[in-house]
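Protein chains: 2
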Amino acid sequence: MSLKQVSSAKSFGGYQKVFAHKSKELDCEMKFSLYVPPAVEDGHKVPVLYWLSGLTCTEENFIIKSGFQRYAAQYKICVVGPDTSPRGCGIEGEDDDWDFGTGAGFYVDASEEKWKKHYRMYSYVTKELPDLIEKNFDFVIAGKRSISGHSMGGHGAIISALKNPGFYMCATAFAPISNPTQCPWGKKAFSGYLGNDEQSWQQWDATHLVTQYNGPYLHLLIDQGSADPFLKDQLLCQNLVKACAKAKIPVVYREQEGYDHSYFFVGTFIEDHFKHHSKILYS
Amino acid sequence: MSLKQVSSAKSFGGYQKVFAHKSKELDCEMKFSLYVPPAVEDGHKVPVLYWLSGLTCTEENFIIKSGFQRYAAQYKICVVGPDTSPRGCGIEGEDDDWDFGTGAGFYVDASEEKWKKHYRMYSYVTKELPDLIEKNFDFVIAGKRSISGHSMGGHGAIISALKNPGFYMCATAFAPISNPTQCPWGKKAFSGYLGNDEQSWQQWDATHLVTQYNGPYLHLLIDQGSADPFLKDQLLCQNLVKACAKAKIPVVYREQEGYDHSYFFVGTFIEDHFKHHSKILYS
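If you read the protein sequences in the order shown, they are chains A and B. For the first sequence, position 213 matches number 213 in the working numbering, and the numbering has no gaps at all. Count along the second sequence from 1, then add 1000; that gives the number in the working numbering.
So, in structure tokens, the structure goes:
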């Protein structure tokens, strides 16, 4: 499990790095970003927030567009951001669509023959990557983890927390695809990766999973822009909020007036999410 | 002079917009970004900071990568960011190099026959654009202007202020190309746009211009990363700092330990620059 540092740039007193490694789960080379807050240079050990990005993104978008480093530095949190899918696996059609295949792994483990060898983003994100981080970076407090993400990655963050009770101390999301079995993006991805048995899709859908959840308090926080053009047909946040209410899972859901789906929205509210994660990670 | 709004996204309570218009100076369609701080919705009039970007950039880089909107909102400043050159003018060779032609206008008015019709970024940035902004946006306080920029744009900001005493209330820069007549990027650009008479280059070089300056106090602030790979051969900030000292022009020059040339560096110190501009623009 050898890690190769691809880049390192000083940012808010810490370092924004990118690493590459050969992933066992995905059977290809993967990159991830890692922000080392300045507290580490002062000898502190720090918790880790995992950030999952949305459709078409790589490990770069969040580190370039959100401005999170200011808050990761301030709140003493290491931030790890994986890519959004395996890349260059040579699977026929992997690069045909922007919302399926490359850049669109949907944080599931594929079961369809064609995809199942490489498209295992769920296992990569919830097992291989945390394991690799906690083994390779001794400034990380093992077990002090939380997760967040945007759009497809917001859903990935929520299902990762729901499917692994206690593994993440908290989960938050920006404009998550909240009920993928019921929206065009999700139906396309799930039928491709998981096949046509829609029953099997349920174990990858946050709105279903929340009704089965039986674990510690999740500290769920969701921000959603009211002017997000995908809200009504793709994101369906209300379905998740209603399912949470029915299952008596507390969630803070905030519809932010006038904001769209972009990183201008994420950047505006990312400080709040770091405050929230910090409070729980350092509790 | 008709303006077309290309995009608008809510950001930190205000709006990050992009406009397109037909430029007279450049004889082509140009885009610029404009951030409207939330104070405007509350009825305030606000000053304008002009931001000039570096080589290869468009009007997008700064608005996506720097995180400035938080501070523009907080300090009640409208921010205008032009593109870095004319585009699509059909000049032979305009797209051949990343450091000359498209994306590399160098904020000069070309005198060479081939370039002089379109490559007039100096006049565009210091005359046409401020005029257009102050005529079209009634929330802007006419005459309350300042200027900043990065790399090629840092130099553009400084020469714009030096060549127009009193027009900008303050000028700051991140890692400016400080003495272009003496570095490879500058020599290539100036010989291309201005011809081989090196004497004529002096009127576009900050390190020369500062020795001629005779105007109001400039409030110069320059941040430079000590780990910037371009510092020694291309940026030559010390030449400008020494010329300032010789000419008794006060400048705050800060070498920031360990930072490189990227927007991770700009983003880290952009708040300081907004504080500085705000203090002067609202004095």
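Positions of the beta carbon are idealized from the N, C-alpha and C atoms, including for glycine.
| Query | Result |
| --- | --- |
| Kindly indicate the opening and closing residues of the beta strand (DSSP E) around residue 16 of chain A. | 14–23 |
| Grab the span of the beta strand (DSSP E) containing residue 1004 of chain B for me, first residue to last. | 1004–1011 |
| Below 7 Å CB to CB, which residues in the same chain sit around residue 24 of chain A once its five sequence neighbours on both sides are set aside? | 128 |
| Would you check if there are 3 or more beta carbon pairs closer than 8 Å linking the segment 1181–1194 of chain B to the segment 1159–1170 of chain B? | no |
| Can at least three beta-carbon pairs, one atom from the segment 1130–1137 of chain B and one from the segment 1084–1104 of chain B, be found at a separation below 8 Å? | no |
| Check whether chain B comes within 8 Å of residue 77 of chain A, counting only Cβ atoms and requiring the distance to be less than that. | no |
| If contact means a Cβ-Cβ distance below 7 Å, which residues of the segment 54–67 of chain A contact chain B? | 64, 65, 67 |
| What first and last residue would you give for the alpha helix (DSSP H) that runs through residue 1138 of chain B? | First-last for residue 1138 of chain B: undefined, no H or E at that position. |
| DSSP on residue 1044 of chain B, reduced to helix/strand/coil? | coil |
| Kindly say whether residue 1260 of chain B, judged by its beta-carbon, lies nearer than 8 Å to any beta-carbon of chain E. | Of the protein chains in the structure, A and B, none is chain E. |
| If you scan the segment 1186–1244 of chain B from start to end, which runs of the alpha helix (DSSP H) of 4 or more residues do you find wholly inside it? | 1198–1201, 1206–1212 |
| Going by the beta-carbon positions, is the gap between residue 1225 of chain B and residue 1261 of chain B smaller than 8 Å? | yes |
| For residue 9 of chain A, return the contacting residues in chain B, with the cut-off set at a CB-CB distance below 7 Å. | 1260, 1262, 1264 |
| Residues in the segment 1001–1030 of chain B with C-beta within 8 Å of chain A's C-beta atoms, listed in sequence order? | 1009, 1010, 1011, 1012, 1013, 1016 |
| Could you pull the DSSP bridge partners for residue 1094 of chain B from this structure? | Answer by DSSP bridge pairing: none, since residue 1094 of chain B is not bridged. |
| Can the beta-carbon of residue 1058 of chain B be found closer than 8 Å to that of residue 1083 of chain B? | yes |
| Examine the Cβ distances between the segment 1153–1160 of chain B and the segment 1047–1067 of chain B and report whether three or more of them are shorter than 8 Å. | yes |
| Would you give the residue range spanned by the beta strand (DSSP E) that residue 39 of chain A belongs to? | From DSSP, residue 39 of chain A is part of no beta strand (DSSP E); its letter is neither H nor E. |
| So the beta strand (DSSP E) residue 1271 of chain B belongs to, where does it begin and stop? | Taken as a continuous stretch (DSSP letters only), residue 1271 of chain B belongs to no beta strand (DSSP E), being part of the alpha helix (DSSP H) at 1263–1281. |
| Under a Cβ-count criterion, where at least 16 other Cβ atoms within 10 Å of its own Cβ denotes burial, should residue 1087 of chain B be classed as buried or exposed? | buried |
| Mind the definition here: the segment 1227–1242 of chain B touches the segment 1031–1041 of chain B only if three or more C-beta pairs lie below 8 Å; say whether that holds. | no |
| Would you tell me roughly how many angstroms separate the C-alpha atoms of residue 219 of chain A and residue 251 of chain A, rounded to the nearest one? | 7 Å |
| Going along chain A, which residues have a C-beta under 7 Å from residue 1268 of chain B? | 11, 12 |
| If we count Cβ pairs, one from each stretch, closer than 8 Å, do we get three or more for the segment 202–216 of chain A versus the segment 1014–1028 of chain B? | no |
| Kindly indicate which residue of A/38, A/3, A/8, A/39 has the alpha-carbon position closest to the one of residue 22 of chain A. | A/3 |
| Closest by CA to residue 1267 of chain B, which one among B/1186, B/1175, B/1020, B/1187? | B/1175 |
| Closest to residue 185 of chain A by CA distance: which of A/148, A/112, A/28, A/230 is it? | A/230 |
| Taking just the CA atoms, how far does residue 1206 of chain B sit from residue 1053 of chain B? | 16 Å |
| Go ahead and label residue 223 of chain A buried or exposed: buried means 16 or more other beta carbons lie within 10 angstroms of its beta carbon, across all protein chains shown. | buried |
| Since residue 1118 of chain B and residue 1026 of chain B are thought to touch, with beta carbons under 8 Å apart, how far apart are those beta carbons, to the nearest angstrom? | 5 Å |
| Would you mind sorting residue 1130 of chain B into buried or exposed? The rule is 16 or more other CB atoms within 10 Å of its CB. | buried |
| Where does residue 109 of chain A fall in DSSP's three states? | strand |
| Report all residues from its chain with a CB closer than 6 Å to the CB of residue 11 of chain A; omit the five preceding and five following residues, and keep chain order. | 69 |
| Determine the contact status of residue 1046 of chain B and residue 1076 of chain B, defining contact as a CB-CB distance below 8 Å. | yes |
| Does the Cβ-Cβ distance between residue 1146 of chain B and residue 1280 of chain B come in under 8 Å? | yes |
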